[in-house]
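Accompanying notes for the structure given below.
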DNA sequence: CGAAACAGGACCATTCAGGTCTTTAATTAG
DNA sequence: CTAATTAAAGACCTGAATGGTCCTGTTTCG
Ligand code: SF4
Ligand code: SF4
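Protein chains in written order, with my numbering: chain G, 1 to 154; chain R, 1 to 154.
Put into structure tokens, the structure is as follows:
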């Protein structure tokens, strides 16, 4: 139903919460903070580490810390790391549709896909933080709505 | 990976192709036109009929035809009919997250969700048609990009 | 040396999308 | 008026992918 993967959602939450902590934080600690099951937190952190979002410190007194500022991480990049690149349909980027039917809509989907991706690339994790939720992000939305002809459907 | 349901994709394709035909069209005929398996086409058409996108004519010489113009159907409304309302995360519209963790990000997700939904509501099926793909939709995208600060991530 | 914590992978369980089948109703030909 | 024809409507099943868990190995600090 055009919903985000739960793992991707968790990744965002974990990164934001990690940004609010000082020093290195262990997986169990992050699990306690976020409420996400411990093994799942570990799994997500492994992926994030592999993609360079967090830095890991092995051994006793180890843990994770952000590799860079939250402002330098876009929502789209995190989603792409966890769930793979954003692709609404099978035919984005010139890929052939698996059913082999060449309906001429491919181009349109490509454009829509790019639009959504750009939207998510324009939103940093910094602006996802609760205190800024109702200011930074909201202003972006207002600008978006202003430029669009909202059409009534159904 | 933030991908559209295949059924929803088919629904869009079927509606656009149906709009290019005259009179009533049968499921097998639409299956031949679109290349989508026949039973699947029938299933999609049932849903579309139940939601008032198409009108059905039963019996011999029956079939389907559009209930209204393609210009009066938004991409978002079709997706909502087939896959349910667009909801990136579990906590949109004030619903409680199933994990019970109240991370303060809910508000931010709500805003992002609304932004994407508005984008899809602003795109009609008429502008999905191949011949207009590289004009109508593209201009909307350009305006979108202009209003956003595209931030580099990863 | 031992405990603590990450790395990496394999594994299972559940969900739901995708597809198929049967039933039911309407239309038209005879 | 009846019956064969045709398509819609609904129920059902299957399979792939996601989400979640666990286990083993490696590294670091006390
Ligand atoms: S080619 Fe048509 S049916 Fe296939 S994924 Fe693209 S839009 Fe959908
Ligand atoms: S409450 Fe937080 S973890 Fe739950 S769905 Fe919303 S953003 Fe995701």
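Every residue, glycine too, gets a C-beta built ideally from N, C-alpha and C.
Residue contact with chain R for residue 130(G): present (Cβ-Cβ distance below 7 angstroms to some residue of chain R).
DSSP places residue 54(R) inside the beta strand (DSSP E), whose first and last residues are 54–57. Distances taken from the Cβ of residue 72(R) to the heavy atoms of ligand 2 include none shorter than 6 angstroms. For a Cβ distance threshold of 7 angstroms, nothing in chain R lies close to residue 22(G): the least Cβ distance comes to about 19 angstroms.
Going by DSSP, residue 66(R) is part of the beta strand (DSSP E) stretching over 63–66. Boundaries for residue 84(R): no alpha helix (DSSP H) harbours it, and the DSSP string shows neither H nor E there. Under the 7 angstroms criterion on CB atoms, residue 86(G) is classed as interfacial with respect to chain R.
Boundaries of the alpha helix (DSSP H) around residue 6(R): 6–19.
At a C-beta separation below 7 angstroms, residue 13(G) has these neighbours in chain R: 103, 105.
Out of 120(R), 14(R), 121(R), 1(R), the CA that lies nearest to the CA of residue 40(R) is found in 14(R). A straight-line Cα-Cα distance of about 39 angstroms links residue 22(G) and residue 4(R).
Straight through space, the alpha carbons of residue 28(R) and residue 61(R) are spaced by roughly 12 angstroms. Neighbours of residue 16(R) in chain G, taken as residues whose beta carbon is under 7 angstroms from its own, are 105 in chain order. At a cut-off of 6 angstroms, the beta-carbon of residue 31(G) does not count as near ligand 2: no heavy atom of the ligand is closer than that.
Set against 6 angstroms, the gap from the CB of residue 9(R) to the closest heavy atom of ligand 2 is not smaller. Per DSSP, the unbroken alpha helix (DSSP H) holding residue 106(G) starts and ends at 106–121.
Here residue 83(R) has 5, 8 as same chain residues with Cβ atoms under 6 angstroms from its own Cβ, once five neighbours each way along the sequence are excluded. Shown here, residue 36(G) sits in coil according to DSSP, grouped into three states, outside any helix or strand.
Beta-bridge partners assigned by DSSP to residue 74(G): 124(G). With a cut-off of 6 angstroms, the C-beta of residue 105(R) is classified as near ligand 2, since at least one heavy atom of the ligand falls inside that distance.
Looking at the backbone, the Cα of residue 117(R) and that of residue 72(G) are separated by about 25 angstroms.
Chain G has a Cβ within less than 7 angstroms of the Cβ of residue 89(R).
Judged by pairs of C-beta atoms under 8 angstroms, the region 50–65 of chain G does not touch the region 107–124 of chain G, as fewer than three such pairs exist. For residue 4(R), at least one C-beta of chain G is nearer than 7 angstroms to its own C-beta. It is roughly 12 angstroms from the alpha-carbon of residue 18(R) to the alpha-carbon of residue 48(R). A straight line joining the alpha-carbon of residue 64(R) with that of residue 122(G) spans about 42 angstroms. Against residue 49(G), chain R offers no close residue; the least beta-carbon distance is about 13 angstroms (beta-carbon pairs closer than 8 angstroms). In this structure residue 124(G) is buried. Its beta-carbon is surrounded by 16 or more other beta-carbon atoms within 10 angstroms. Across the structure, residue 36(G) and residue 42(G) are spaced so that their CA atoms are roughly 10 angstroms apart. In terms of beta-carbon proximity, residue 108(G) lines the interface with chain R, with at least one pair separated by less than 7 angstroms.
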